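To start, the structure itself, in C-alpha cells.
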Amino acid sequence: MATDISVPASLDHGTPGPGSAAGRNPWWRSGNIAYGLVGAVIGYSIGHFLGNWIASGYQQVQGSGQNDLALVLGYLVATLGWLAGLGALNYPLQKLVGIQVTSEESEDIEHRKLGAYFKYTLDHKVVGVQYLFGMLAYFIMAGLFALVIRSELLSATRHLLAPDKYLEVVGEHGTMMMMMMTSAILGPFGNYFVPLMIGARRMAYPRLEALSFWITPAAFVVLLSGLLVGGFPTGWTGYAPLSVEATMGQDAYLVAFGLMGISMIIGGFNIIATVVNYRAPGMTWMRLPLFVWAMFVTSLLMALAAPILVGGTYMTLMDRTVQTALFDVNHGGSSYLWQDLYWFFGHPEVYILALPGFGIALELLPVFARKPAFAYRTAVAGMVGVGMLSFFVWQHHLFASGMNSDMRPVIMLTTEMISFPTGIIYLTAIGTLWRARLRMTVPMLFIIGMLFNFLIGGISGVFLSDVPTDAVAHGTFFVMAHFHYTIMGGYMFAFFAGIYYWLPKMTGHQLSQRLGKWHFWVLFIAFNSTFLPLFAIGELGMPRRVFEYQRALQGLNDWVSISAYVIGIGILIFVYNFVKTVVIDPRTPLAADTWGSRGLEWFTSTPPVATNFVHIPEVVSGPYEYGSDAGPMAVLDAGATELRPGATVHEGN
Amino acid sequence: MMTAKAGPSGEPAELSDRQHLSRIGIIWLVLSVVCMALVYFAWGPHMPPGTDSVQAKGQQFDNTVLATVATPVILFIWVYLAYVLINWRVRADTPVAELRDGPAIRGNLRFQATWMIVTGATVLSMFIFGTYELVKDSGSGTGSGQAPIWTPAGYSVDASQNKLLVVQAIGQQWRWTFRYPQFGGIETSQLVIPAGQEIQYSVTSLDVIHSFWATNLGIKADANPGVNNIAFGQATKIGPIDIRCAELCGVWHGAMYATGQVVSRNDFQTWIAAEQYAHKDLITFLPPYADFYLPQSDGGFYDPSANPLPNPPGPTPATSPTVIP
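Chains A and B, in that order, are what the protein sequence lines are. The numbering used here puts the first residue of the first sequence at 5, with every later residue one more than the last. The numbering used here puts the first residue of the second sequence at 1145, with every later residue one more than the last.
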C-alpha cells in the first residue's frame, strides 16, 4: 500500500542536502523568469524563421499572405525557450548527457524565500501558491472579457464593437475560462493539499508538477496574443471547417489549447501517481478525504481525455499549416471529425470543471456540520461514476447535427444517467447536514450557494439531454446559462470556498470574514440575477455568440448586463480582501487551527514546513469521525506527542 | 427513519427524526402540489417554442412535462436547505475549543436505497418519455441525418416516391437559401411553406457548419458541408417564420437571419407558380438540384456529379407534391 514514505526531503537522490553550497548551480544555469522571457523571444524568432524558411514558397502562403506555419513554430519554440530559460530542461538534459545532477531547487524552499515563488520550484506547496495567483489572474482577465461581451449586448442593434471584434472577445472569454480554469481547483488546492491530506512529504513527480504550472502562463500569453493577429472567430469550441479557414488568431487558440492539454495530462499523472503511491501508513483508500478522491478522479479524466484534445488541435494545425485535409469534406475529410474529437474531450472536461467543486463541498460539509460525511463509500462511488459516465455522453452536444442520429436514445440514456451519481453528491450533502451543528462561516456560505446553484445547473441539463427539448435549447443562451450555472455557480463558488477555507493554512493569514460575507452575498445574488434570465432569453430565440438580437429581448438583456457588472463588483470585493490580507497588510495572527477540522492537513505547522511533516503521521481513523470516539485521525510515530484534532502543532524546527 | 441518537445535551425539547422528517415532508408536499399545478397548467401553455407547428407543440409539451417533474426535485433541496439553516445552526464564530460535534451518523441504508430508487426511476422514465416523444414526432423537428429512421407517412428515401414537400435549406456564410426540388429546383431567399403539409427540410451547407433554426416552428438541424441533414416538420398556423443560424459560423453569424411565411395551400401554389415564372430564365443558370454541393477544383461552381450517394435525385419536373390530408 503506502510505500516510499521515507524519501528524504531532498528531491534528488544522492545529491548534497538542501542548503548545501556544494549543490549550487552556476548563475547562468539557475533559471528564472527573466531568462524565460529572453528564451521565449529567442525561441519565437527561431521558430518564425524556420516557418518562413519552410513554407514561404507554399502556394497557400503566397496567395493569402499569412504564414501559419511560421506563427505556430514561433509559438512552439518560444514555449520551449520559455521553459528552458526557467531551467525546466536542466535536469532532464543533464540526466540525458550524464552530467552530475545538481539540486538547486530545494534551497529557496527550505528558507521560504519570496524568490522561490517566481521560479521553477519543486515544492508542491510553492507550486500550489503559484497556481493560486496564476489562476486568479487568468480568471479576472477572462472575467473582464465577459463584461465587454455584456456591454455589447446592452443594445439589440446598436454596437460597441465591430462583429469581428465581438467574436474575438467572445472567443477569448470562453477559451480562457474553459481551458485555463480546468486547473483552478486542482492547480492550487490539489497540488497544495493532496500530499498534506494523504500524509506525504512530496509529490511523486515534482518536476512534472512544476512544468504543468509553468506551461499555463505560456498558454495564457499565446491565447491572448491571438488578438494581435486577428483573433479567432470560432468561440471556445473551435468547430472545424471554420477553424481551418479562419485568420491567424486561430493558431493561437489551437497552440494554447494544446499546451493546456499537455499541462492537464502531466499535472493529472502526477496526482494519480502520488495518491496511489505516497499515502501515509494507515491511509487506506477508504480513509482518503473526499477532496482527494475528487482530485484523483479529476486527474484520471485529465490524463485520459486531454490527449484527445491535443490530438485534435494537432490535426487542425496540420490542416492549417501543411494543407492536410482531415476536416475538408472535398478531400476525404469530415466536418464531423472535430466535433467528435472535441466533445470526446469536452464532455469529460466539463466534469473536470465540476468534480473538484463536489470535492470541496463534500470536504467542507463535515467540518462545518461537525458530523461524519454521510454515506462516504456511496459518495466515492458517485464521483467515480460521474467520471466514468462522462466518457459516454459526448454526442448529446450533437443531437441536431445529423450524425449518428439513430443513437440518440442511447446518448439520451447515458446523459440522463449522470444525474444518478450526481444525485449521490446531493445525497451525501443532505445526509451530512441532517441534525448538523452547522456553522455558517464564509466557506460554508459558498458551499450552500454552490449546492443551490448547481441544482439549477443540473436540472437545466435535463432539458439539454432530452432530444425534443434540446431541439429548442441547443445552440442558444439556454445552454450558456446552463453551463454557467454548473461551472460558475458550482465550480467557482467552490473555488472561493476553498480560498476562504484553506488560505489560512497556506499563508497563515485569514481573509476578512466580514468582507467575505459581502463578497458572497453580492456574488450570489448578482450571479442568479445574471444567469436565470438567460434561460428565458435562449428559449425565446436568441442563439449564442450573436451581437444582434430581437428587440423584444432587449429589456431582459439589459437586466442581465447590469447584473453582470454587479458580479464584477462582487469579485472586486474579493480582490480587495485578498490583496489587503495577503499582500498589503498581512497582520492577522497566524491561525494554526482555524476551523477545528480533523483533516490531516491541519496536523502540521501553519504554514507547513518544507517537508510537510517532521514525522510522517500514522493514520488511525477516517478524516470525518466527528461525534464518534474514534480519537484523532493520526498519531505521530514514536517520541512525538499525540495530536488531538485541532491542536496547535509545534514542530521542532 | 434515521437512528435517533440523543442529540448533544442542552438542547431544549429536541424533536425526533420522524418529527423533523414529517415537517419537511409536509412543507415539501404542499409546495410541490401547488407549484407543479402552476407549472403544468399556468406556465405550460405559454412555454417556448409556442404552438405554430406540430413539432413546436410537442416541444412545448415536453418542456412542460420536464419542468413539472423538475419542480419537486428543486423544491425538495430548497426546502431541506432552508430547514437545515433555520433549525440546525450554531454561531459561526464559535471558538474552536467550544465546538461540539453532531451525532455520528455515517449512513442510513433505507434512506440511501430510497434515494437511489427514486432517482433511478426518474432517470429511466425521463429516458423512456424522451425516446417516445422523439420517435413519435419523427425526430421532433431535429436534424436526423441523411437516412432518418423515424419518418412521417409518405416519406421515402427514393426521391421519386417521396410524397413530402421537400425544401432544401442551404447555409452559407452568411445567408440562407431555399430550394424547392419538386418545383424545378427554384431558389428563394424566403422560406414559404403551406400550412398542414408535412415538409422534409433537407439542410446542407456550402462552407462551414451552420444550424438551421426556424425558431417558432421548432425545427433545428445543423448544416454541414457535404451532408444532407433531414428534419421533418408540419406547420399548423398561418403566419411569419423566424429563421436564425444556431451554430457559430464566423463574423456575421449574429446577422444570419432569414424570414418566411406559413401560408395556405392555395396561396402556396400561387406563390410558387409566380416564382417559377418570374425566375424561369435564372433557373437555367443554377446547378441541378443535389443533396449537397461540393466546390469544383477550380473553385468556381458546385458540381453535383461529385455526389457519392446512389441515385442522386436530380432535377425533377415541376409537379406538385401529393398533399397529405
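Backbone N, C-alpha and C fix where the C-beta goes; we use that ideal spot for every residue, glycine too. What you are looking at is a predicted structure, and each value in this text was computed from that prediction instead of being measured.
Backbone CA spacing between residue i and residue j [nearest angstrom]
{"i": "residue 1346/B", "j": "residue 1287/B", "result": "9 Å"}
{"i": "residue 565/A", "j": "residue 155/A", "result": "7 Å"}
{"i": "residue 1158/B", "j": "residue 1176/B", "result": "27 Å"}
{"i": "residue 586/A", "j": "residue 220/A", "result": "23 Å"}
{"i": "residue 398/A", "j": "residue 1293/B", "result": "22 Å"}
{"i": "residue 522/A", "j": "residue 455/A", "result": "19 Å"}
{"i": "residue 1379/B", "j": "residue 1320/B", "result": "19 Å"}
{"i": "residue 381/A", "j": "residue 459/A", "result": "22 Å"}
{"i": "residue 406/A", "j": "residue 289/A", "result": "44 Å"}
{"i": "residue 400/A", "j": "residue 117/A", "result": "50 Å"}
{"i": "residue 169/A", "j": "residue 331/A", "result": "26 Å"}
{"i": "residue 1438/B", "j": "residue 64/A", "result": "20 Å"}
{"i": "residue 1215/B", "j": "residue 1269/B", "result": "16 Å"}
{"i": "residue 392/A", "j": "residue 302/A", "result": "11 Å"}
{"i": "residue 492/A", "j": "residue 1197/B", "result": "36 Å"}
{"i": "residue 385/A", "j": "residue 426/A", "result": "10 Å"}
{"i": "residue 498/A", "j": "residue 190/A", "result": "12 Å"}
Under 7 Å between C-beta atoms of residue i and residue j
{"i": "residue 551/A", "j": "residue 1398/B", "result": "yes"}
{"i": "residue 1436/B", "j": "residue 1370/B", "result": "yes"}
{"i": "residue 443/A", "j": "residue 1246/B", "result": "no"}
{"i": "residue 394/A", "j": "residue 355/A", "result": "yes"}
{"i": "residue 621/A", "j": "residue 603/A", "result": "no"}
{"i": "residue 417/A", "j": "residue 1271/B", "result": "yes"}
{"i": "residue 484/A", "j": "residue 548/A", "result": "yes"}
{"i": "residue 150/A", "j": "residue 558/A", "result": "no"}
{"i": "residue 516/A", "j": "residue 561/A", "result": "no"}
{"i": "residue 432/A", "j": "residue 366/A", "result": "yes"}
{"i": "residue 1376/B", "j": "residue 1344/B", "result": "yes"}
{"i": "residue 86/A", "j": "residue 40/A", "result": "yes"}
{"i": "residue 681/A", "j": "residue 193/A", "result": "What the structure shows of chain A is the stretch from 5 to 657, and residue 681/A is not part of that stretch, so it cannot be assessed."}
{"i": "residue 73/A", "j": "residue 59/A", "result": "yes"}
{"i": "residue 126/A", "j": "residue 214/A", "result": "yes"}
Anticipated Cβ contact below 8 Å, residue i with residue j, distance rounded
{"i": "residue 474/A", "j": "residue 378/A", "result": "Residue 474/A to residue 378/A, Cβ: 34 Å. No contact."}
{"i": "residue 369/A", "j": "residue 390/A", "result": "Actually they do not touch by this definition, with Cβ atoms about 17 Å apart."}
{"i": "residue 175/A", "j": "residue 238/A", "result": "6 Å"}
{"i": "residue 531/A", "j": "residue 457/A", "result": "7 Å"}
{"i": "residue 527/A", "j": "residue 574/A", "result": "4 Å"}
{"i": "residue 611/A", "j": "residue 510/A", "result": "6 Å"}
{"i": "residue 184/A", "j": "residue 124/A", "result": "Rounded, the Cβ-Cβ distance is 19 Å, inconsistent with contact."}
{"i": "residue 1391/B", "j": "residue 1332/B", "result": "Rounded, the Cβ-Cβ distance is 22 Å, inconsistent with contact."}
{"i": "residue 630/A", "j": "residue 293/A", "result": "13 Å between Cβ atoms; not a contact."}
{"i": "residue 230/A", "j": "residue 253/A", "result": "4 Å"}
Endpoints, alpha helix (DSSP H) assigned at residue i
{"i": "residue 540/A", "result": "517-543"}
{"i": "residue 616/A", "result": "It is not in any alpha helix (DSSP H) - residue 616/A carries neither H nor E in the DSSP assignment."}
{"i": "residue 245/A", "result": "244-249"}
{"i": "residue 476/A", "result": "471-477"}
{"i": "residue 360/A", "result": "359-373"}
{"i": "residue 1277/B", "result": "1253-1280"}
Span of the beta strand (DSSP E) around residue i
{"i": "residue 1387/B", "result": "1383-1389"}
{"i": "residue 674/A", "result": "Missing from the structure shown is residue 674/A; chain A here goes from 5 to 657 and no further."}
{"i": "residue 1357/B", "result": "1354-1358"}
{"i": "residue 1366/B", "result": "1363-1367"}
{"i": "residue 1309/B", "result": "1309-1316"}
{"i": "residue 1322/B", "result": "1319-1324"}
{"i": "residue 1346/B", "result": "1342-1349"}
{"i": "residue 1336/B", "result": "1335-1338"}
{"i": "residue 1332/B", "result": "1330-1332"}
{"i": "residue 1470/B", "result": "Only positions 1145 to 1469 of chain B appear in the structure, and residue 1470/B is not among them; the question remains open."}
Any non-hydrogen atom of the ligand PLP within 6 Å of residue i CB
{"i": "residue 53/A", "result": "Although the ligand PLP was asked about, the structure shown includes no ligands whatsoever."}
Legend entry - Unbroken stretches of the alpha helix (DSSP H), 4 residues or longer, contained in the stretch 65-152 of chain A: 72-90, 94-101 and 109-115
Legend entry - Within the stretch 380-425 of chain A, ranges of the beta strand (DSSP E) (whole runs, at least 3 residues): none
Inset, instruction - Run through the stretch 170-232 of chain A for me and flag every whole beta strand (DSSP E) of 3 or more residues, listed as ranges in chain order. - result: none
Legend entry - Any alpha helix (DSSP H) of 4 or more consecutive residues that is wholly inside the stretch 267-339 of chain A: 294-325
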